[in-house]
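Per full-length UniProt numbering, the sequence shown runs over residues 1 to 200. Structure, as structure tokens:
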Amino acid sequence: MDTLTAMTARRTAKHFDSSFKLDDQQIDSLMAAALCAPTSYNIQHGRIVRITDKGARAALRVAAFDQAQLTEASEVWVICGDTQAWRKNPERYWRTADQETRNILVGMLTEFYKDKPVLQRDEAIRSGSFMAQNIMVAATSLGLNTGPMIGFDADQVAEVINLPEDHVIALILVIGKAVKEPWARGGQLPPDEVVLNDSF
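Written as structure tokens, this is what we have:
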């Protein structure tokens with residue numbers, strides 16, 4: 001399936017075949033898609049917590065208001081972002097660049113994020129979201145179904161996954177084989193309402 005078809009064909013699934021399991025090659029392909037998602041200054045803020053423990057899944061289901069996909073889907077990935085990735089040995093993000101380039105970029109990214117907590121948080125969520133979108137498009141191209149979720153108690157989810165203080169949760173992503181067709185699209189806004197030329 002080509003990329004544009006995967007993007008337009010992707011729909012959110014809420015009911016999954018609990019007997020279906022992704023194979024290792026599918027998981028590796030999705031991880032590869034996740035890891036090549038774009039990030040500012042190549043900082044790679046995104047983190048994936050893959051939930052395989054049945055008890056943890058049950059706890060996530062409670063935290064997500066009893067949504068069944070958290071125990072039925074083949075894979076449950078909590079997509080997070082490290083808000084302080086910019087300051088954690090930033091030289092490693094440019095380790096293959098020449099020394100001059102490394103010095104310039106590391107200096108720039110440090111100044112860009114320093115003393116800007118809102119930007120730090122926004123960037124971590126943005127990077128996690130890019131990662132999730134890559135995964136969803138890749139999954140669709142592999143014939144899989146996905147469901148991005150934000151309907152959960154973030155504090156409870158953080159407790160289940162032992163989220164570090166300097167990380168944020170972007171979303172939960174469930175992956176597998178859907179057993180029900182998604183709801184009909186609720187209505188797409190026309191392009192002229194979404195796309196603006198030069199300014200509002």
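Where is the CB? At the ideal position from N, CA and C, for every residue including glycine.
Could you check which residue in the options has the C-alpha nearest to that of residue i?
i	options	result
THR71	ASP23, GLY81, ALA59	ALA59
ALA6	HIS45, GLY46, GLY143	GLY143
GLN67	GLY151, GLU159, LEU189, VAL195	GLY151
TRP183	THR12, LEU105, ASP2, GLN44	THR12
VAL179	GLU159, GLY187, ALA170, ASN145	ASN145
THR83	ILE27, SER29, ARG57, THR110	THR110
GLN25	GLN188, VAL168, ALA138	ALA138
LEU22	ASP115, LYS116, VAL76	VAL76
Assign residue i to buried or exposed, taking buried as 16 or more other Cβ atoms, counted over all protein chains shown, within 10 Å of its Cβ.
i	result
CYS80	buried
THR52	exposed
ILE131	Checking the displayed sequence, the identity of residue 131 turns out to be Met instead of Ile. Buried: at least 16 other Cβ atoms inside 10 Å.
ILE175	buried
GLU100	exposed
ALA85	buried
GLN120	buried
ARG50	exposed
THR39	buried
PRO90	buried
Quick one: grab the DSSP three-state call for residue i.
i	result
GLU165	coil
PRO190	coil
GLU77	Glu is not the amino acid found at residue 77; the sequence shown has Trp there. Of the three classes helix, strand and coil, the one that applies to TRP77 here is strand, per DSSP.
ILE172	strand
ALA178	strand
GLY128	helix
ASP155	helix
MET149	strand
ASP122	helix
Going by the CB atoms, is the gap between residue j and residue i shorter than 8 Å?
i	j	result
ALA9	ILE135	no
LYS177	PHE65	no
GLY147	LYS54	no
GLN156	ALA63	yes
MET31	THR140	no
GLY186	GLY128	no
ALA158	ILE169	yes
ARG87	TRP94	no
Please go through the region 6-76 and give each complete alpha helix (DSSP H) segment of 4 or more residues, from N-terminal end onward. Counting only runs of 4+ residues, the alpha helix (DSSP H) found wholly inside the region 6-76 occupies 24-35, 54-63, 69-72, in chain order.
Could you pull out every unbroken alpha helix (DSSP H) segment of at least 4 residues lying fully inside the region 86-118, listed in chain order? 99-113
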